[in-house]
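Residue numbers (the numbering used here): 116 to 218.
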């Protein structure tokens with residue numbers, strides 16, 4: 116019985132760890148799936164990933180404003196880039212990924 120209890124506890128701990136590890140959104144994957152079409156080409160005035168000049172004015176704002184614009188939409192960009200199924204955390208991860216080269 117003790118071995119079974121220990122095995123169950125170890126299995127539960129491993130499952131809990133795996134759930135936490137998977138909870139972190141993959142900004143690059145989200146960008147590739149939801150953002151790249153506009154942020155790679157500059158469609159409708161979207162700032163291109165890695166283009167410091169295109170991001171300069173936006174970076175003068177605080178990150179919470181950038182996140183809010185990405186989540187709520189701004190200008191030609193619809194809320195969450197038109198991907199309403201994304202969580203706010205997933206959108207933030209994609210924004211962070213886009214900004215890495217210019218920060």
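Think of the CB as a built atom: it goes at the ideal place given N, C-alpha and C, for glycine as much as any other residue. All values reported here derive from a predicted model rather than from experimental measurement.
Own chain residues within Cβ distance below 7 Å of residue 205, not counting five before or after: Indexing the chain shown from 1 puts residue 205 at position 90. Excluding sequence neighbours, residue 205 sits near 140 and 145.
Reference residue 162; option with closest CA among 203, 201, 191 and 197: By 1-based counting over the chain shown, the position of residue 162 is 47. The option with the nearest alpha carbon to residue 162 is 191.
Assigned secondary structure, residue 122 (DSSP; H/G/I helix, E/B strand, else coil): Sequence index remark: in the chain shown, residue 122 carries index 7 (1-based). Reliability fails at residue 122, whose pLDDT of 48 lies under 50, so the model's placement of it is uncertain and the value that follows must be treated cautiously. Correct three-state label for residue 122: helix.
Terminal residues of the alpha helix (DSSP H) in which residue 186 lies: Looking up residue 186 in the chain shown gives position 71. Start and end: 178-187.
Residue 215 to residue 168 span [Cα, whole Å]: Indexing the chain shown from 1 puts residue 215 at position 100. Indexing the chain shown from 1 puts residue 168 at position 53. About 14 Å.
beta-carbon residue 155 near the ligand COA non-hydrogen atom, thresh 7 Å: Within the structure as shown, the ligand COA is missing, as the structure has no ligands at all.
Alpha carbon of residue 171 to alpha carbon of residue 138, nearest angstrom: Locating residue 171 in the chain shown gives position 56, counting from the first residue. Locating residue 138 in the chain shown gives position 23, counting from the first residue. Straight through space, the alpha carbons of residue 138 and residue 171 are spaced by roughly 31 Å.
Rounded separation between residue 194 and residue 209 - CA only: Mapped onto the chain shown, residue 194 falls at position 79. Mapped onto the chain shown, residue 209 falls at position 94. Whole-angstrom Cα-Cα distance: 14 Å.
Whole-number beta carbon distance between residue 211 and residue 142, since they are thought to touch under 8 Å: Start at 1 with the first residue of the chain shown, and residue 142 comes out as number 27. Start at 1 with the first residue of the chain shown, and residue 211 comes out as number 96. Confirmed, about 5 Å.
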